[in-house]
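> Residue numbers for the sequence shown follow this note's numbering, so the first one is 1 and each next one is one higher. Provided herewith is a single structure, encoded as structure tokens, for subsequent inquiry.
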Amino acid sequence: MIEVFDAGWTLVSALALIAILGLIIRYFLKKRQRSKGQRAFLLKV
């Protein structure tokens, strides 16, 4: 049971980190929408 819980917790925390990073990236992209280098930035990621 402990191993299953550990794996589930790792998965949930990883998804949470990805979601937070996604929100931060979206926020910065909206902030930098004026610049024309947005597509180049997206390609690098």
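Glycine is no exception: its CB is placed at the ideal position from the N, C-alpha and C atoms.
#1: Have a look at residue 10 and residue 33 and give me their C-alpha separation to the nearest angstrom.
#2: To the nearest angstrom, report how far apart residue 14 and residue 21 are at their CA atoms.
#3: Under three-state DSSP, which class holds residue 32?
In short:
#1: Going from the Cα of residue 10 to the Cα of residue 33 covers about 34 Å.
#2: When rounded, the distance between both Cα atoms is 11 Å.
#3: Residue state, collapsed to three classes: coil.
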